[in-house]
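*Asks:* Number 203 in our numbering belongs to position 148 of the sequence shown; there are no gaps in the numbering.
Glycine included, C-beta positions come from ideal geometry on N, C-alpha and C.
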Amino acid sequence: MQDITDDEPDEWQEDRQRVGTSSFPGQYQPDEDGDEDDEEDGVAQFEEDEGEVFESEDEETNLGKHKLYWLFITELASIPFGTLVKAQRKLNKQQAQARFRRKPSGNDDDESDLEGNSEEDGTEQGGRPKVSLLKDRKGKGKAKVNANQRSSKHAPMELSSKKPVTRNRQVIEVQANKARDPRFDSLSGNIKSDLFSRSYGFLADQQTAELEALRKTVALARKKGGSEEEKERMEDALQRMESREISRKNKARDQEALRAWKKEELEKRQQGKQAFHLKSAERKALLLKAKFDVLAQDKKQLRKTIEKKRKKTAQKDKKLLPQRR
Numbered sequence: 056m057q058d059i060t061d062d063e064p065d066e067w068q069e070d071r072q073r074v075g076t077s078s079f080p081g082q083y084q085p086d087e088d089g090d091e092d093d094e095e096d097g098v099a100q101f102e103e104d105e106g107e108v109f110e111s112e113d114e115e116t117n118l119g120k121h122k123l124y125w126l127f128i129t130e131l132a133s134i135p136f137g138t139l140v141k142a143q144r145k146l147n148k149q150q151a152q153a154r155f156r157r158k159p160s161g162n163d164d165d166e167s168d169l170e171g172n173s174e175e176d177g178t179e180q181g182g183r184p185k186v187s188l189l190k191d192r193k194g195k196g197k198a199k200v201n202a203n204q205r206s207s208k209h210a211p212m213e214l215s216s217k218k219p220v221t222r223n224r225q226v227i228e229v230q231a232n233k234a235r236d237p238r239f240d241s242l243s244g245n246i247k248s249d250l251f252s253r254s255y256g257f258l259a260d261q262q263t264a265e266l267e268a269l270r271k272t273v274a275l276a277r278k279k280g281g282s283e284e285e286k287e288r289m290e291d292a293l294q295r296m297e298s299r300e301i302s303r304k305n306k307a308r309d310q311e312a313l314r315a316w317k318k319e320e321l322e323k324r325q326q327g328k329q330a331f332h333l334k335s336a337e338r339k340a341l342l343l344k345a346k347f348d349v350l351a352q353d354k355k356q357l358r359k360t361i362e363k364k365r366k367k368t369a370q371k372d373k374k375l376l377p378q379r380r
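Given below as structure tokens:
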């Protein structure tokens, strides 16, 4: 076997120069721009055509736009018609108000343009939307008018001229005259019970005289035997007057007892003792003592009162007892 040395010519040298060194597998070579590829040695690279890349990108873009379009159409179809109308009205109103603020109000041409734009948008001048017919989803055409819809919150509310005004409407408020009672007026000052009782003491004497006269009349009617209705009416009147007389006497008795206690307390304070104020229980005991002091003068009335009190207490005790099964 003959050895090949470096001095002998290489028969594959011309082919390598013609084809290039990239035809040898496993051999590293730099790119034309001098940059090195990131691919590993011995792995072939696939280079796409620029035209094919652009066409694929256009197809993906068109497909994405198509999907977004149908998604938008689907969501728009699910929105109620009334919501769309409200949104359109609000948008038209905002556009009209923006144009009105942007354009001066003194120019006639601008006003005419504003009126034309408002007619196209379905709104009146000043940004107020016109009343339109809104058909229900069921197909019934009914006019829906918002009575509270105004250009601003300070504008007056518009009412339909077809609806008559009620006769009870208060157009001009007139201050009503109030009755004035000098007895309860603040200008008269606070009432003084002692002064009042002394000033109108003659009324008590007059009521007592009327009560005695009515008693005689009732006794006479019982003897003569008149109509039953007239007797009942007179007896009811007598009972009312007697109850009123008893209440007046009891009130006078309580006031006299309290007046005596205040006089005694004032004397104690003048002697240097501390002030003492009655509690509710002590006041009740004081009035009860005054009541029995007056009843002690009439033995018959005292027994009657004690018997009435005993029956009332027994009735209370009877309610507390357990009932029979």
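1) Report the three-state DSSP secondary structure of LYS217 (helix, strand or coil).
2) Note down, in chain order, each residue of its chain lying with its Cβ closer than 7 Å to the Cβ of GLU174, except the 5 sequence neighbours on either side.
3) Just to confirm the assignment, what range does the alpha helix (DSSP H) spanning LYS344 have?
4) Here's the rule: buried if 16 or more other CB atoms are within 10 angstroms of the residue's CB, otherwise exposed. What is ASN147?
5) Which residue marks the beginning of the alpha helix (DSSP H) containing ASP353, and which one marks its end?
6) I need the DSSP call for ASN305, collapsed to helix, strand or coil.
7) Return the residue from the list ALA264, THR129, ALA312 and GLN378 that minimises the CA-CA distance to MET296.
8) Could you check what DSSP says for LYS233 in three-state terms: helix, strand or coil?
9) Which first and last residues belong to the alpha helix (DSSP H) in which LYS271 is found?
10) For ALA151, count neighbouring C-beta atoms within 10 Å of its own C-beta (all shown protein chains included) and say buried if the count is 16 or more, exposed if not.
11) In the structure shown, what three-state DSSP assignment does ALA132 receive?
12) Is the distance from the Cβ of LEU293 to the Cβ of LEU313 below 7 Å?
13) If you run the structure through DSSP and keep just helix, strand and coil, what is PHE127?
14) Counting beta carbon pairs with one atom in the region 296-310 and one in the region 255-262, are three or more of them shorter than 8 Å?
15) For GLN370, which of helix, strand or coil comes out of DSSP?
16) At the level of alpha carbons, what is the spacing between LYS288 and GLU320?
*Replies:* In short, the structure shows the following:
1) Within the sequence shown, the letter at position 162 stands for residue 217. Of the three classes helix, strand and coil, the one that applies to LYS217 here is coil, per DSSP.
2) What you label residue 174 is simply residue 119 of the sequence shown in a count that begins at 1. Note that GLU174 has pLDDT 47, beneath the 50 cutoff, so the model's placement of it is unreliable and the number below is only indicative. Here the set comprises nothing.
3) To locate residue 344, count along the sequence shown from 1; it is residue 289. That run of the alpha helix (DSSP H) goes 335-350.
4) Residue numbering aside, residue 147 sits at position 92 when the sequence shown is read from its first letter. By the 10 Å Cβ count, ASN147 comes out buried.
5) Taking the sequence shown and counting its residues from 1, the one referred to as residue 353 is at position 298. Segment: none, ASP353 is in no alpha helix (DSSP H) and carries neither H nor E.
6) Along the sequence shown, read from residue 1 onward, the residue named residue 305 stands at position 250. It is helical.
7) Here residue 296 refers to the residue found at position 241 of the sequence shown. Comparing Cα positions, the closest option is ALA264.
8) Taking the sequence shown and counting its residues from 1, the one referred to as residue 233 is at position 178. Reduced to three states, the DSSP call for LYS233 is coil.
9) Reading the sequence shown from its first residue, position 216 is the one you call residue 271. Element bounds for LYS271: 256-279.
10) Here residue 151 corresponds to residue number 96 of the sequence shown, with the count starting at 1. ALA151 is buried by the Cβ-count criterion.
11) Locating residue 132 in the sequence shown gives position 77, where the first residue counts as 1. Helix.
12) The residue you call residue 293 lines up with position 238 of the sequence shown. The residue you call residue 313 lines up with position 258 of the sequence shown. Against a cut-off of 7 Å, the Cβ pair of LEU313 and LEU293 comes out as no contact.
13) Here residue 127 corresponds to residue number 72 of the sequence shown, with the count starting at 1. PHE127 falls in the helix class under three-state DSSP.
14) yes
15) Translated into the one-based positions of the sequence shown, residue 370 becomes position 315. If DSSP states are grouped into helix, strand and coil, GLN370 belongs with the helices.
16) Counting from one through the sequence shown, the residue named residue 288 turns up at place 233. Counting from one through the sequence shown, the residue named residue 320 turns up at place 265. Note that residue 288 corresponds to Arg in the displayed sequence, not to Lys. Taking the straight line joining both Cα atoms gives about 48 Å.
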